[in-house]
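Structure first, then comments.
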Amino acid sequence: MNFESNRIRPFTSDDIEEVAILFAKIFTEREATAKAVGVSLNEYYTEISKKVCESSAKESLSFVCVDDSLSREQQIIGFRMCKTFSIDTSALSESKVAIILNFMNDMAKIWLLKHPEIANNEEEQRKVLTFQGLGVKTGYEGLNIASKLCLTTLKHAKSLGYQYAIAVTTAEASQHLFANKLNFK
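Sequential numbering from 0 applies to the sequence shown in numbering that gives the first Met the number 0.
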């Protein structure tokens with residue numbers, strides 16, 4: 000592990016597979032809702048992380064942290080997946096993954112209820128950045144990678160005209176980051 004070889008760069012379509020696997024691994028091991036419903040690594044990968052990464056690659060809002068000292072297919076050590084705000088209205092099954100997705104949609108709807116000036120205005124909704132997934136590979140925790148990824152993303156989104164950022168945080172480390180370091184409400 001070479002701390003000087005870490006750098007943040009934009010997420011690209013070439014990163015989809017590596018990030019989707021890392022995303023599923025981190026979330027099934029550490030994230031409270033995934034653990035609570037007992038979703039497997041494969042289910043999470045297939046039904047959430049791969050789809051989030053594919054959709055994130057369509058917008059240039061997401062970032063990764065890479066360690067250039069690692070082998071090519073293992074270089075991504077952190078990720079921050081994002082999208083422009085939207086609520087998924089497709090019918091969801093009653094699978095373990097659907098429970099998580101329904102929860103995320105419910106949180107977005109609650110946020111909209113608290114912001115009626117945005118709820119009924121699609122143009123304003125396009126100024127809202129949604130944080131979809133944040134993770135740091137085991138062994139790289141405590142190096143402020145998550146903070147740097149979030150700050151890089153926020154700065155970039157602001158330069159593109161985004162005025163709000165929302166995140167649903169259920170993992171303890173993410174709650175600490177957003178409440179205490181990034182001052183999210």
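Glycine is no exception: its CB is placed at the ideal position from the N, C-alpha and C atoms.
Here the structure is a predicted model, which is why all the values come from computation and not from measurement.
When the Cα atoms are used, what is the spatial distance from residue i to residue j?
i	j	result
I75	K34	23 Å
F130	F78	11 Å
H155	A56	15 Å
I25	V135	8 Å
K113	A23	31 Å
P115	F62	30 Å
E121	S70	43 Å
P9	E58	10 Å
N101	F84	15 Å
H175	L21	21 Å
L111	T27	28 Å
C149	L40	25 Å
E42	T32	14 Å
Buried or exposed: where does residue i fall if 16 or more other Cβ atoms within 10 Å of its Cβ makes it buried?
i	result
A5	According to the sequence as given, residue 5 is Asn; it is not Ala. Buried, by the Cβ-count rule.
I109	exposed
T11	exposed
S158	exposed
D14	buried
E30	buried
Would you list the one or two residues that DSSP bridges to residue i?
i	result
I7	C64
L128	T83 and A164
G77	C64 and V135
Could you give the C-beta distance for residue i and residue j, rounded to a whole number, given that I count them as a contact under 8 Å?
i	j	result
V51	M80	5 Å
K147	I7	6 Å
A166	F183	6 Å
I86	N104	5 Å
E72	E17	6 Å
T152	L60	7 Å
Take every Cβ of the stretch 116 to 130, pair it with every Cβ of the stretch 157 to 171, and state whether three or more of those distances are shorter than 8 Å. yes
Indicate whether the contact test is met: 3 or more Cβ pairs, each with one atom in the stretch 95 to 108 and one in the stretch 41 to 59, closer than 8 Å. yes
Any 3 or more C-beta pairs closer than 8 Å across the stretch 58 to 68 and the stretch 137 to 150: yes
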